[in-house]
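Read the structure below first, then the notes.
Chains as they are written, first to last, in the working numbering: chain A, 2 to 327; chain B, 7 to 539.
Below you can see the structure in the form of structure tokens.
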């Protein structure tokens with residue numbers, strides 16, 4: 002077949018694949034929407050009672066509930082919400098009265114900053130550690146890194162977070178305890194506020210990525226073609242990074258993709274410990290207050306993001322391994 | 007590339023400088039002596055008419071002003087009002103606003119704003135409902151003067167306006183229904199809400215209102231001159247979620263004030279030479295059990311009395327607040343130190359409780375093993391601990407007890423259910439109320455015994471209600487004390503609540519933040535200042 006035609010056919014197949022995945026994304030998001038809506042309504046809690054406060058009379062709470070439209074039947078509430086969503090309206094916060102999208106957009110920068118730095122840190126250090134451990138398998142470095150990985154898995158983020166705060170913020174005063182400074186206020190301030198949260202959140206991901214990288218690299222390093230490369234006099238650098246790492250890339254990329262998705266959960270805890278006003282804190286506060294529109298919107302957007310990350314990882318496989326076709 | 011030792015040293019020094027630069031910048035911003043950073047509580051509702059929550063009232067005292075304010079002795083004192091008079095028949099009150107009152111948008115405060123604010127507040131607040139029931143007419147006379155005409159005299163009128171009375175809003179805001187939130191946040195108070203810097207859930211900023219004209223009297227409670235001594239207050243909302251981090255931030259000088267430090271963290275704060283622990287609100291909170299009087303077993307007075315005898319207040323307080331420095335026992339329904347406090351009908355109190363008597367009373371009530379469901383608020387550690395102590399005490403005398411754990415949001419939803427426990431109802435929940443609120447009697451939402459129209463638990467006693475409604479018509483303190491004793495006699499016979507003890511909530515602050523005014527439940531922003539430590 003003509004290479005150009007073959008290329009065009011490949012593009013068409015990939016386009017169809019992406020389209021199918023995007024359609025499935027919509028289906029997943031719709032299912033999440035229904036599930037979250039019902040789960041929130043069936044769980045105990047009443048935003049009107051929370052707004053009214055501890056000593057509000059039942060009469061006052063009932064009036065607030067009426068005002069908020071919470072007395073309408075579930076199907077009616079669902080239709081109102083779904084219709085708004087289809088029109089791009091994510092609703093308004095029950096508590097602040099502000100559009101949910103505005104509240105989410107206010108919180109995006111801290112969360113993206115934290116997630117991006119964590120991924121950069123985790124991938125860079127995790128892959129390096131994994132490669133080093135595989136290269137020196139059975140040696141001191143390997144055992145030290147295996148021990149580190151076990152530790153990284155075992156220490157919860159909030160324990161490690163408080164440990165970091167104690168040493169680097171309270172004892173030495175090198176870094177701030179908490180909070181977030183937008184990047185436009187200065188790179189240095191932005192960065193120093195994110196050092197401790199990134200370190201706390203990265204620990205488990207570094208351990209995870211390092212272990213998977215080590216296992217994949219060990220498998221590749223034992224292949225015949227690696228022995229051949231060594232026999233031909235290839236340098237350690239070329240063997241590790243040109244031959245082994247590239248071939249070990251698919252499982253590593255899978256782990257990175259999964260880690261990014263799990264990161265969404267980790268961010269909630271980290272944002273709480275370090276008082277970062279991101280999406281995680283927004284959801285926690287919304288759950289405490291039963292601010293339904295915020296919870297629903299964030300979960301829908303998160304589920305969509307999760308599916309899209311998986312899609313991007315699947316597509317990235319083709320860049321690493323040309324044998325993979327969709 | 008080969009890095010020499012000297013180059014490595016230079017590189018290290020440069021990196022160290024680059025890293026320490028933000029700390030220097032941060033230190034400069036922290037040492038800004040005109041900004042107070044405060045962790046108070048979670049502020050999520052901004053309209054004090056829509057909610058009874060304390061953080062909303064702290065917000066409201068910052069940006070709004072009130073017609074009257076209570077001083078430290080709970081006596082009403084004029085605030086926005088310059089002059090006032092009452093007619094000879096005590097049925098018509100005339101109020102004249104003092105000069106210089108302006109909204110944050112620059113327009114003058116008028117009598118029409120006051121009338122609209124009183125009307126909106128009176129639709130929901132207990133004191134306001136009483137006022138509106140007696141009022142023949144509330145109207146403005148001119149731009150600065152308005153009148154309240156009554157069908158019959160109301161001796162307690164100024165007290166009602168002063169304690170948990172109306173915050174004065176612009177007429178167009180006050181014309182909204184009392185269930186719809188006012189979100190403009192424009193008042194005439196000593197601070198302006200900075201809408202541009204508002205980050206819901208994260209932080210809110212209050213700037214000094216340079217046009218505010220304080221009264222000439224010295225500050226005294228919520229009365230007197232509200233003199234602002236800082237340029238800005240930043241309400242750090244999100245730090246409230248994690249006490250450990252909040253205390254660390256206080257130690258590091260990133261915040262100046264923490265309103266409700268966890269009791270188990272107080273020793274750490276007390277050990278820090280830069281920090282101080284202080285009890286601002288000396289009247290504190292009365293903790294109590296509220297029983298569902300509509301359902302078994304607590305629809306029977308003997309079962310409620312059994313709880314009264316069962317409770318060992320010191321055990322409950324120790325479990326909740328730990329250090330005896332911050333709690334004590336309480337036997338009066340009006341708290342320990344309010345003008346209405348008394349010792350009528352308090353023979354039930356016994357140190358250590360009286361479980362045998364409680365067991366006997368449960369038996370006399372005809373208790374037949376019905377399940378007692380205690381609502382346990384797991385995100386409120388003190389209440390959660392008290393719920394566990396109660397469950398243990400009940401099980402020890404053979405009561406079929408079940409804890410129903412949920413967050414506070416779950417508790418407030420479930421307590422509205424009047425049905426039996428098998429249908430999602432409840433038997434007991436635990437909460438507290440500021441002693442000042444109970445002590446003023448008329449603003450205490452937990453004090454009425456008006457059945458299903460009233461607060462959760464729905465106790466009903468018509469004789470008590472007749473007495474309670476007389477409160478506002480009594481002119482002297484002696485008459486009120488006498489009435490308080492009569493009310494308490496019935497209260498402890500009927501037992502709508504069971505007291506668990508009184509506690510005070512210390513605050514933690516950096517020593518550089520001084521001048522804080524102690525008032526019940528709320529934190530005034532005026533008068534405080536930052537000084538060099």
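C-beta atoms are modelled at their ideal positions from N, C-alpha and C, and glycine is treated no differently.
Note that the coordinates shown come from a computational prediction; the quantities given were computed from them, not determined experimentally.
For residue i, which of helix, strand or coil comes out of DSSP?
i, result
"residue 121/B", "helix"
"residue 524/B", "coil"
"residue 108/B", "strand"
"residue 317/A", "helix"
"residue 304/B", "coil"
"residue 175/B", "coil"
"residue 97/A", "coil"
"residue 483/B", "helix"
"residue 439/B", "strand"
"residue 478/B", "helix"
"residue 515/B", "strand"
"residue 152/B", "strand"
"residue 334/B", "strand"
"residue 233/B", "coil"
"residue 226/B", "strand"
"residue 53/A", "helix"
What residues match up with residue i in a beta bridge as DSSP calls it?
i, result
"residue 205/B", "209/B"
"residue 84/B", "74/B"
"residue 382/B", "411/B"
"residue 91/B", "100/B"
"residue 466/B", "456/B"
"residue 241/A", "DSSP output for residue 241/A lists no bridge partner at all."
Note the first and the last residue of the continuous alpha helix (DSSP H) segment covering residue i.
i, result
"residue 244/B", "No alpha helix (DSSP H) contains residue 244/B, which DSSP labels as neither H nor E."
"residue 162/A", "158-165"
"residue 253/A", "250-274"
"residue 42/A", "4-43"
"residue 196/A", "188-222"
Determine, using beta carbons only, whether residue i comes closer than 9 angstroms to chain A.
i, result
"residue 459/B", "yes"
"residue 19/B", "Its pLDDT being 47, under 50, residue 19/B is placed unreliably by the model, and the measurement read from it follows with that caveat. No, because no Cβ of chain A sits closer than 9 angstroms to the Cβ of residue 19/B."
"residue 517/B", "no"
"residue 37/B", "Residue placement at residue 37/B is poorly supported in this model, since its pLDDT is 42, which falls under 50; the coordinates still yield a value, given next. So no, residue 37/B is outside the interface."
"residue 414/B", "yes"
"residue 443/B", "yes"
"residue 66/B", "no"
"residue 526/B", "no"
"residue 183/B", "yes"
"residue 48/B", "yes"
"residue 123/B", "no"
"residue 470/B", "no"
Verify the CB distance criterion: does residue i have a CB-CB separation below 9 angstroms to chain C?
i, result
"residue 153/B", "The chain labelled as chain C is not found among the protein chains of the depicted structure, namely A and B."
Nearest chain B C-beta to residue i closer than 9 angstroms, yes or no?
i, result
"residue 283/A", "yes"
"residue 158/A", "no"
"residue 59/A", "yes"
"residue 104/A", "yes"
"residue 72/A", "no"
"residue 42/A", "no"
"residue 323/A", "no"
Cβ closer than 7 angstroms: which chain A residues qualify as neighbours of residue i?
i, result
"residue 257/B", "171"
"residue 208/B", "278"
"residue 187/B", "98"
Looking at the unbroken beta strand (DSSP E) that takes in residue i, where does it start and where does it end?
i, result
"residue 507/B", "503-509"
"residue 56/B", "No beta strand (DSSP E) holds residue 56/B; DSSP gives it neither H nor E."
"residue 291/B", "291-297"
"residue 365/B", "That residue, residue 365/B, is in no beta strand (DSSP E); its alpha helix (DSSP H) goes 361-370."
"residue 344/B", "Run containing residue 344/B: none; DSSP gives neither H nor E here."
"residue 283/B", "281-284"
Please list the partners that residue i has in chain A, where partner means a Cβ-to-Cβ separation under 9 angstroms.
i, result
"residue 439/B", "55, 56"
What in chain A is Cβ-close to residue i, meaning under 8 angstroms?
i, result
"residue 317/B", "Ordered by position in chain A, no residue passes the 8 angstroms Cβ test against residue 317/B, which lies about 21 angstroms from the chain."
"residue 57/B", "52, 53, 54, 57"
For a contact meaning CB atoms closer than 9 angstroms, what does residue i contact in chain B?
i, result
"residue 163/A", "250, 251, 254"
"residue 37/A", "What residue 37/A touches in chain B: nothing, since even the nearest Cβ is about 17 angstroms away."
"residue 62/A", "418, 422"
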